[in-house]
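Colleague:
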Amino acid sequence: MFRKFLEVLLGERNTVDVSGWNEQGRAVARFNSEEIGAFHEGRKEAPNLKEDSRTPEMAEAVLSEVIALNAQGRGSEARALFDPAHAPFIGQMEKSDRGLLFCAILGPDEFLVRQGTYYQDNTTWHIRGGEISKVAPLAAFAWSRNRQHFLAVMPDGRVTLGSGYSTLPQPPVATVTRATFVPLDLPEELQDAFEMPGDRLALTHVAVSDDGQRILLCDAERGVVLLYHNGRDWAEQLIFPSVLLGLVEDMRETLQEDEEYRSQQDMLHAALSPDGKFIAVGHQFGGHYLIDIEDPSAPKEHATLGYLSEYPHDACFSSDSRHVAFNSCHFYNGTTFCSEIDRVKGLQTPPWEQHSSQVTLNSYLRVYASGFLPESLALSATGGAFLLAGSGFTNCVAVDGQVQWELEHGSSAGGLDVCPQTGRILLASYSGFLHLLDPSRQQDPPLSSGYKAPMEIRRWIFWDQLKHPISW
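Sequence positions in the sequence shown follow the working numbering and run 28 to 499.
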């Protein structure tokens with residue numbers, strides 16, 4: 028019956044039977060959600076998850092129907108017929124290696140996303156209603172946490188700040204070049220040995236404070252820089268590499284064997300507190316550093332906290348700037364802890380030894396993108412909750428470690444945006460999927476594996492083999 032309905036609706040006959048698509052997927056989602064729920068509620072030590080057994084042939088047939096609906100201007104109808112999925116489409120994902128990185132919610136039905144990493148050709152897409160269009164490329168973009176300031180970085184390094192995406196182009200507040208990432212306070216005998224950074228802009232994270240006076244840029248190949256307004260104009264302060272974070276000692280040790288020093292940038296990450304007073308930064312060969320920038324011209328160490336897994340990998344602040352979360356990873360797993368900023372002042376804790384100030388939020392995700400849900404969107408979490416988007420799952424957990432929900436999205440996360448005004452979460456993934464979530468509604472029945480998983484309202488697919496991105 029369902030199959031005949033599709034034939035009438037779409038006007039063409041499938042050669043592959045897709046009538047069981049929804050039923051099979053929901054059975055797996057229901058089973059896995061029960062397993063994940065038992066794990067989070069302490070009834071099982073680990074979930075025993077089933078794999079999605081729907082075939083690539085079924086996925087190909089479903090995809091063709093979704094594409095046909097989009098071509099007819101009826102993409103919004105696809106979800107009523109076919110539940111979205113991840114695993115059956117892995118073959119399609121492998122044909123397109125340009126994942127999604129930065130994303131932003133611009134309004135109730137307006138979004139921005141960048142396709143392609145910093146080392147690939149990339150495309151910036153603007154979504155408004157049912158229209159998806161290419162726009163002038165942006166290297167990176169982000170809202171301030173209070174949604175009052177929109178930060179955009181151009182491919183040539185110009186940094187702009189405005190009240191929203193619609194105000195672009197804006198005169199730049201600064202332009203970053205390779206000279207931006209050269210430390211100016213090195214001892215004279217070490218200055219010539221510091222290798223000049225390259226020209227390529229490789230931004231992986233950008234942020235602007237709620238007052239619009241401080242901007243953080245994290246460049247995966249060159250370092251972390253703070254731009255700040257000093258009352259007259261904009262100034263720069265290099266956070267990493269820096270003398271403050273052990274550059275002199277590292278250079279002297281390295282130069283015993285090499286004639287030139289190249290800064291270690293592996294897994295470099297950074298975050299700016301919404302109040303603009305702290306930066307959290309780390310990299311593969313260091314610790315979790317919390318830097319006090321109340322005087323941005325003279326940053327100072329607030330705390331160095333030991334990692335609880337192999338390598339520091341991500342950092343995020345709560346919206347009230349009272350808490351910081353740090354993630355460290357081992358392969359695709361990891362551990363995330365949360366600390367109260369005032370409580371850790373002056374602390375230097377060793378790796379692998381959990382201090383009483385470090386509250387475990389998650390013990391299995393390697394976090395690729397993170398954010399924070401304010402209390403208004405965080406269900407029962409007093410004070411809000413961290414969003415930890417990892418490889419395959421996104422975990423929502425309060426500052427006290429209480430899990431609020433978890434959602435399987437399938438691939439490694441690329442970017443997150445949380446909009447209190449619209450009540451929505453936007454999740455970009457290396458799968459080429461862009462997910463729009465409503466955390467106020469729970470999936471019922473479960474369409475994807477998780478724990479109290481939020482409703483996915485819409486999904487867009489950005490694959491290079493498609494003639495045009497599609498909506499699902």
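Think of the CB as a built atom: it goes at the ideal place given N, C-alpha and C, for glycine as much as any other residue.
Assuming GLY156 and ASP136 make a contact with CB atoms under 8 Å, what is their CB distance in whole Å?
Modeller: 5 Å
Colleague: Going by alpha carbons, who is nearest to ASP369 out of PRO401, SER403, LEU400 and ASP319?
Modeller: ASP319
Colleague: Does the beta-carbon distance from LEU400 to VAL371 come in below 8 Å?
Modeller: no
Colleague: Check GLY375 in the structure and name its three-state DSSP category.
Modeller: First, the residue type needs correcting, since residue 375 is Gln and not Gly in the sequence shown. Three-state DSSP puts GLN375 in a strand.
Colleague: Using a Cβ-Cβ distance under 8 Å, would THR151 count as near chain B?
Modeller: No chain B is present in this structure, which holds just one protein chain.
Colleague: Just to confirm my understanding: we take PRO323, look at its own chain, exclude 5 residues before and 5 after, and list those with CB closer than 7 Å. What are they?
Modeller: ARG241, LEU253, TYR255 and GLN264
Colleague: Identify whether ASN49 lies in helix, strand or coil by the three-state DSSP scheme.
Modeller: helix
Colleague: Check whether the region 425–434 and the region 103–118 are in contact - that is, three or more C-beta pairs closer than 8 Å.
Modeller: Contact fails: fewer than three Cβ-Cβ distances are below 8 Å.
Colleague: Excluding five sequence neighbours on each side, which residues of the same chain lie with their C-beta closer than 6 Å to the C-beta of MET278?
Modeller: LEU217 and TYR288
Colleague: Starting from ILE117 and walking both ways along the alpha helix (DSSP H), at which residues does that stretch end?
Modeller: 117–120
Colleague: Are the Cβ atoms of ALA416 and LEU443 separated by less than 8 Å?
Modeller: yes
Colleague: Helix, strand or coil for TYR192? Go by DSSP, reduced to three states.
Modeller: helix
Colleague: Give the single residue among SER80, ALA247 and GLU321 whose Cα lies nearest to the Cα of GLY309.
Modeller: ALA247
Colleague: Which ranges would you report for the alpha helix (DSSP H) in the region 198–262 if only whole runs of at least 4 residues count?
Modeller: 215–218
Colleague: How is ALA73 classed by DSSP in three states: helix, strand or coil?
Modeller: It is coil, neither helix nor strand.
Colleague: Rounded C-beta distance between LEU213 and SER456? I'm assuming under 8 Å.
Modeller: No, LEU213 and SER456 are not in contact; Cβ-Cβ is about 40 Å, not under 8 Å.
Colleague: Evaluate PHE312 with the Cβ neighbour count: other Cβ atoms within 10 Å of its Cβ, from every protein chain shown; 16 or more gives buried, anything less gives exposed.
Modeller: Label assigned to PHE312: exposed.
Colleague: Taking only the alpha-carbon atoms, compute the straight-line gap between CYS423 and ALA220 and give it to the nearest angstrom.
Modeller: The alpha-carbon atoms of CYS423 and ALA220 are separated by roughly 45 Å.
Colleague: Can you tell which of ARG205, PRO164, ALA201 and THR207 has the C-alpha that lies nearest to the C-alpha of MET192?
Modeller: Strictly speaking, residue 192 in this sequence is Tyr, with Met absent from that position. Here the closest residue by C-alpha is PRO164.
Colleague: Straight-line CA distance for GLU34 to LEU90?
Modeller: Unreliable placement is indicated for GLU34, whose pLDDT of 47 sits below 50; the coordinate value is still reported in the next sentence. The alpha-carbon separation between GLU34 and LEU90 amounts to approximately 15 Å.
Colleague: Does the Cβ-Cβ distance between PRO481 and PRO466 come in under 8 Å?
Modeller: yes
Colleague: Nearest CA to the CA of TRP48: which residue from PHE420, PRO83 and ASN75?
Modeller: Of the candidates PHE420, PRO83 and ASN75, the one whose C-alpha sits nearest the C-alpha of TRP48 is PRO83.
Colleague: Please name the residue in LEU230, VAL43, GLN469 and ALA408 whose C-alpha comes closest to that of ALA169.
Modeller: LEU230
Colleague: What does DSSP give as the partner residues of VAL140 in its beta bridges?
Modeller: CYS130 and TRP152
Colleague: Start and end of the beta strand (DSSP E) containing PRO481?
Modeller: 481–488
Colleague: Cβ atoms of PRO301 and ARG172: under 8 Å apart, would you say?
Modeller: yes
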